[in-house]
Amino acid sequence: MGAHVTCVTCVSTHRRMIKSPPPKGLSFAIFSNGYDDEVKPGDDDQHHFIQLKCNGSKTLTDLIVSSANQGRPFTCLVYTMLIPWAADVAREHHLPSVLLWIQPAMVFDIYYYYFNGFADVIRNNPSCSTQLPGLPLLTRRELPSFLHASNPYPSAVPTFEAHFEALEKENYPRPRVLVNTFDALEPKELKAIEKLNLVAVRPLIPYAFQDGSTTSNGLTLSQNHR
Numbered sequence: 001m002g003a004h005v006t007c008v009t010c011v012s013t014h015r016r017m018i019k020s021p022p023p024k025g026l027s028f029a030i031f032s033n034g035y036d037d038e039v040k041p042g043d044d045d046q047h048h049f050i051q052l053k054c055n056g057s058k059t060l061t062d063l064i065v066s067s068a069n070q071g072r073p074f075t076c077l078v079y080t081m082l083i084p085w086a087a088d089v090a091r092e093h094h095l096p097s098v099l100l101w102i103q104p105a106m107v108f109d110i111y112y113y114y115f116n117g118f119a120d121v122i123r124n125n126p127s128c129s130t131q132l133p134g135l136p137l138l139t140r141r142e143l144p145s146f147l148h149a150s151n152p153y154p155s156a157v158p159t160f161e162a163h164f165e166a167l168e169k170e171n172y173p174r175p176r177v178l179v180n181t182f183d184a185l186e187p188k189e190l191k192a193i194e195k196l197n198l199v200a201v202r203p204l205i206p207y208a209f210q211d212g213s214t215t216s217n218g219l220t221l222s223q224n225h226r
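The working numbering puts the sequence shown at residues 1 to 226.
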């Protein structure tokens, strides 16, 4: 019968998707995050994240419970960046979850070390190169800009930290993380963190790039930051 996938997303994101019938086995669950007309310059990022968590958690909970009651329980929840609370919802309902990290493995490794003892080294070393376990020597330009002392989006940092806290809560060894890369490109970076099982899932390319119609990935939130 194949797998059935339900994509949960907010109204504003769904409006930007291609308006063609989804393939067999794929359905959408749409919810309002309070910003149906998109996040605009000047909007409160913190309020946006709170609304997203509140409304998104309720939608996920209702979906998981209703599907189980109908005899079609979900078997896994795959969630992506900036929504670490999704893992908490899955855990509350004893549903396995997997983080889909849509950036390269090296970026994941840097964030991991930042939240595991290397914050001062990364944040307070603006003019020198930074050495992290299992990674090549990194210049300031190679570090995620969210981690710079000059980061204008400080509310994003605790959200990234919550991802690693969620992985720590998993009750099985070496939680799996799906990473936007391929083995030959980042062989060392995929193995740099022994406590986690980073799995390359090949480059994830926005559909619009495939036909050359746009060079934008469609994301408007902090698009100049990694």
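We treat Cβ as the ideally placed atom computed from N, Cα and C, and that holds for glycine.
In this text the structure is predicted, and so the values were computed from the model without any measurement.
Just confirm the distance between the C-beta atoms of residue i and residue j, as a whole number of angstroms; I'd bet it's less than 8 Å.
i                 : j                 : result
threonine 181     : alanine 105       : 5 Å
tyrosine 114      : isoleucine 122    : 5 Å
histidine 163     : proline 84        : 5 Å
leucine 132       : phenylalanine 146 : Wrong, their Cβ atoms sit about 16 Å apart, outside the cutoff.
serine 27         : asparagine 55     : With 8 Å as the limit, serine 27 and asparagine 55 do not qualify as a contact, their Cβ atoms being about 19 Å apart.
threonine 139     : serine 129        : 5 Å
isoleucine 30     : valine 5          : Going by Cβ atoms, the distance from isoleucine 30 to valine 5 rounds to 15 Å, so no, they are not a contact pair.
glutamine 46      : glycine 34        : About 13 Å; that fails the 8 Å criterion.
lysine 169        : arginine 91       : 7 Å
phenylalanine 229 : isoleucine 64     : Nothing can be reported for residue 229, as the shown portion of the chain is limited to 1 through 226.
For residue i, which three-state DSSP category applies?
i              : result
cysteine 128   : coil
leucine 196    : coil
threonine 6    : strand
alanine 184    : coil
leucine 26     : strand
tyrosine 172   : coil
leucine 135    : coil
methionine 17  : coil
glutamine 51   : helix
leucine 235    : Given that the chain is displayed from residue 1 to residue 226, the structure contains no residue 235 and the question cannot be resolved.
glycine 71     : coil
asparagine 151 : coil
leucine 143    : coil
Where DSSP assigns a beta bridge to residue i, which residues make up the other side?
i                : result
tryptophan 101   : Val179
phenylalanine 31 : Cys10
valine 78        : Val98
Is residue i near residue j, with beta carbons less than 8 Å apart?
i              : j             : result
leucine 135    : aspartate 109 : yes
asparagine 197 : arginine 176  : yes
alanine 87     : alanine 3     : no
valine 8       : threonine 59  : yes
valine 199     : leucine 178   : yes
valine 89      : serine 57     : yes
isoleucine 193 : tyrosine 111  : no
valine 78      : valine 98     : yes
arginine 174   : lysine 188    : no
How far does the alpha helix (DSSP H) with residue i in it reach, from first residue to last?
i              : result
leucine 167    : 156-169
glutamate 92   : 85-92
isoleucine 122 : 119-123
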